[in-house]
Amino acid sequence: MTSTTTTAAASSTTCGGSGQYELPVKDAACGIPNIKNYQSLFDDCAKPAGPRSYYHDCALWAYAIDQSVQNLTDCLYKAGVAWEDVWCTGETNATATVTSYPTATATGTLVTKSEEATETGSSTSSTASETGSKTNAAYSFRGRVSTKLALGLLGLVVTGAMSWV
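One gets our numbering by counting positions in the sequence shown from 1 and adding 135 to each.
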């Protein structure tokens, strides 16, 4: 018996499904397809919030921070995003109620003197308005497994193996 496993990166054929038009948040926010020069247009219109990709990197979304959903959509239209390429959640006069949100992603090299180490890559920052400070934090926990979950799964494997002995 032969089996073949094939993996592939998300391609344009996975884009356009109904999930693309469902924003991953329920607060006042807007989304656009991740095409053309839309990323830079969204960066400018969504400030201070930074757009984030979702749905296999086919779309971008951002909170309507310090502006209404209507103002965010108007900015996107004026910047050159087609009207059919903008979808939002919330009333047109609604603003996002979150106090912590992702900001624009920066790429480059970080050198820390205390650790005498250089790190190259990208980072995101999350702004906490109640404290007024900025801290480095990953917005997504994708790819992280908690210690409790890992130990629980390991325990199940060991228990299952012991039952076969």
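C-beta atoms are modelled at their ideal positions from N, C-alpha and C, and glycine is treated no differently.
Exposure of residue 234, with buried meaning 16 or more beta-carbon neighbours within 10 Å: Residue 234 sits at position 99 when you count from the first residue of the sequence shown. Exposed: under 16 other Cβ atoms inside 10 Å.
Cα-Cα separation, residue 201 to residue 294: Position 66 of the sequence shown, counted from the start, is the residue given in the question as residue 201. Position 159 of the sequence shown, counted from the start, is the residue given in the question as residue 294. Looking at the two C-alpha atoms, the distance is approximately 53 Å.
Helix, strand or coil at residue 180 [DSSP, three-state]: The residue you call residue 180 lines up with position 45 of the sequence shown. In this structure, residue 180 counts as helix in the three-state DSSP scheme.
Residue of 178, 160 and 236 minimising C-alpha distance to residue 214: For this step, residue 214 is matched to residue 79 along the sequence shown. Closest by alpha carbon: 178.
Secondary structure of residue 203, DSSP reduced to three states: Position 68 of the sequence shown holds residue 203. Reduced to three states, the DSSP call for residue 203 is coil.
Between the CA atoms of residue 229 and residue 209 - distance to the nearest angstrom: By 1-based counting over the sequence shown, the position of residue 209 is 74. By 1-based counting over the sequence shown, the position of residue 229 is 94. Rounded to the nearest angstrom, the two C-alpha atoms are 14 Å apart.
Residue 220 versus residue 232 - alpha carbon distance: As a first step, residue 220 is located in the sequence shown; it is residue number 85 there, counting from the start. As a first step, residue 232 is located in the sequence shown; it is residue number 97 there, counting from the start. Roughly 24 Å between the two C-alpha positions.
Local Cβ density within 10 Å of residue 152, reported as buried at 16 or more and exposed below that: Reading the sequence shown from its first residue, position 17 is the one you call residue 152. Exposed is the call here.
Length of the line joining the Cα atoms of residue 212 and residue 188: Translated into positions along the sequence shown, residue 212 becomes position 77. Translated into positions along the sequence shown, residue 188 becomes position 53. Each residue's alpha carbon lies about 19 Å from the other.
Whole-Å CB distance - residue 163 paired with residue 181, under 8 Å assumed: Counted from its first residue, the sequence shown places residue 163 at position 28. Counted from its first residue, the sequence shown places residue 181 at position 46. Going by Cβ atoms, the distance from residue 163 to residue 181 rounds to 12 Å, so no, they are not a contact pair.
Extent of the continuous beta strand (DSSP E) run through residue 168: For the purposes of this step, residue 168 is identified with residue 33 of the sequence shown, where counting begins at 1. From DSSP, the beta strand (DSSP E) with residue 168 extends over 164-168.
Assigned exposure category for residue 217 - 16 Cβ within 10 Å defines buried: Taking the first residue of the sequence shown as position 1, residue 217 is located at position 82. When all chains shown are included, residue 217 counts as exposed.
One or two residues paired with residue 158 in a DSSP bridge: One-based indexing of the sequence shown puts residue 158 at position 23. According to DSSP, residue 158 bridges with nothing at all.
Spatial neighbours of residue 204 in its chain, beta-carbon cut-off 6 Å, leaving aside the 5 residues before and after: Here residue 204 refers to the residue found at position 69 of the sequence shown. 163, 223, 225, 227 and 229, listed in sequence order.
CA-to-CA distance, residue 184 to residue 150, given in whole angstroms: Numbered from its first residue, the sequence shown carries residue 150 at position 15. Numbered from its first residue, the sequence shown carries residue 184 at position 49. If I take the Cα positions, the gap works out to 24 Å.
Assumed close pair residue 167, residue 194 - CB separation to whole angstroms, cut-off 8 Å: In the sequence shown, residue 167 corresponds to position 32, counting from 1. In the sequence shown, residue 194 corresponds to position 59, counting from 1. About 7 Å; that satisfies the 8 Å criterion.
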